[in-house]
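Chemist: In my numbering, the protein residues as written are 1 to 272.
Glycine included, C-beta positions come from ideal geometry on N, C-alpha and C.
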Amino acid sequence: MRALARLTPVVILAAVALAGCGDSSSGSSSAGSTGAGSASGSGSGPVASGSLTVLAAASLRDVFAKLGDQFEADHPGSTVEFSFGPSSGLATQIVEGAPADVFASASAKTMKTAEDAGAVNAPVTFATNSMTIVVPKDNPGTVDDVSDLASKDTTVAVCAKDVPCGAAALTVFEQADLDVTPVSEEVDVAAVLTKVSLGEVDAGLVYVTDAALARDKVTQITLPADVSATTDYPIAVTTESANPTLAQQFVDLVTGTIGQDALKAAGFAPAP
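So, in structure tokens, the structure goes:
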């Protein structure tokens, strides 16, 4: 298993179109109905082999890397290559025809856009994630709760508005009734986490799973119960997959017992 460099969109117009389409409701089903029909959690029949290209949200990097190793072990002769990045950009690449077998998004809205464009088949929601505040270990901005993010003396980093973690950050600010002016809007949650861990900002909003991975570099400040932003994670086989049987078996791994256990261990919550 290896990670691919991020693919570059070739048609800017398609990216603009994607940003304006879709809504937060999706026809995706839930991972809860998927069984574990083999050692890999696959219910797709005989074990296939070949190569797969999986495009996945940046917040899935660590857990999918482990599942990729598991998949290769369960499918001798197969290889899984990953490209991680912001979900909206990955969806644009798939719609424009970039080679991909599986798409895993951190946004039901983004997946619906890809589905409406005919780029993916039958998405299924396999996990959820939520937001949290992170600060550098020494907490130079003395941030204690979400209200501190609105202080003019507090520098805050978030994801860009057009990616799922950015939309989730806006939801947090709206629910907390705060007027927050971030000093930095990053391409994905990993970039926000880097800003915070390096002490370049006083605080950032990231997924709880990313905060857990960086616990030695940042301190997590939990949002109050009445302020939350939960993101659904759907996964689907692309319509142009060169190996749809193998691709479906990877999806089955993610939605099956092994995948769900790995996601839970990484801090993801189950699909609703």
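Using a Cβ-Cβ cutoff of less than 8 Å, which residues in the same chain neighbour S78 once the five nearest sequence positions on both sides are dropped?
Modeler: Closer than 8 Å at Cβ, skipping near neighbours: A48, S49, G50, S51, L52, F71, E72 and L246.
Chemist: Given a cut-off of 8 Å on the beta-carbon distance, is the pair A57 and A91 in contact?
Modeler: no
Chemist: Determine whether the beta carbon atoms of V218 and K137 lie at a separation below 8 Å.
Modeler: yes
Chemist: Is L198 a contact residue of the ligand GDP, with contact defined as CB to any heavy atom under 7 Å?
Modeler: This structure does not include the ligand GDP; it has no bound ligands of any sort.
Chemist: Given a cut-off of 8 Å on the beta-carbon distance, is the pair V196 and V146 in contact?
Modeler: no
Chemist: Does the Cβ-Cβ distance between A168 and M131 come in under 8 Å?
Modeler: yes
Chemist: Could you tell me which residues DSSP puts in a beta bridge with T132?
Modeler: In the DSSP assignment, the residues bridged to T132 are V206.
Chemist: Give me the DSSP bridge partner(s) of A236.
Modeler: F103
Chemist: Whether or not the stretch 115-126 and the stretch 79-89 are in contact is what I'm after, with contact meaning three or more pairs of Cβ atoms, one per stretch, closer than 8 Å; do they touch?
Modeler: no
Chemist: Do three or more CB pairs link the stretch 150-162 to the stretch 118-129 at distances below 8 Å?
Modeler: no
Chemist: Please look up how many angstroms separate the CB atoms of L223 and I133, rounded, as I've assumed it's under 8 Å.
Modeler: 7 Å
Chemist: Have a look at L178, F82 and S59 and flag the residue whose alpha-carbon is nearest the alpha-carbon of T128.
Modeler: S59
Chemist: Do you know how far the Cα of D232 is from the Cα of D162?
Modeler: 16 Å
Chemist: Excluding five sequence neighbours on each side, which residues of the same chain lie with their C-beta closer than 6 Å to the C-beta of V135?
Modeler: Taken in chain order, the residues that qualify are V143, A203 and T219.
Chemist: Can you name, in chain order, every residue of its own chain whose Cβ lies under 8 Å from the Cβ of V206, other than the five neighbours on each side?
Modeler: M131, T132, V134, C165, V189, V192, L193 and V196
Chemist: Could you check the C-alpha separation between L182 and A65 for me, to the nearest Å?
Modeler: Correcting the residue type first, residue 182 is Pro in the shown sequence and not Leu. Spanning the two alpha carbons is a distance of roughly 31 Å.
Chemist: Just to check my reading of the structure: L55 and I94 have Cβ atoms closer than 8 Å, yes? What is that Cβ distance to the nearest angstrom?
Modeler: 6 Å
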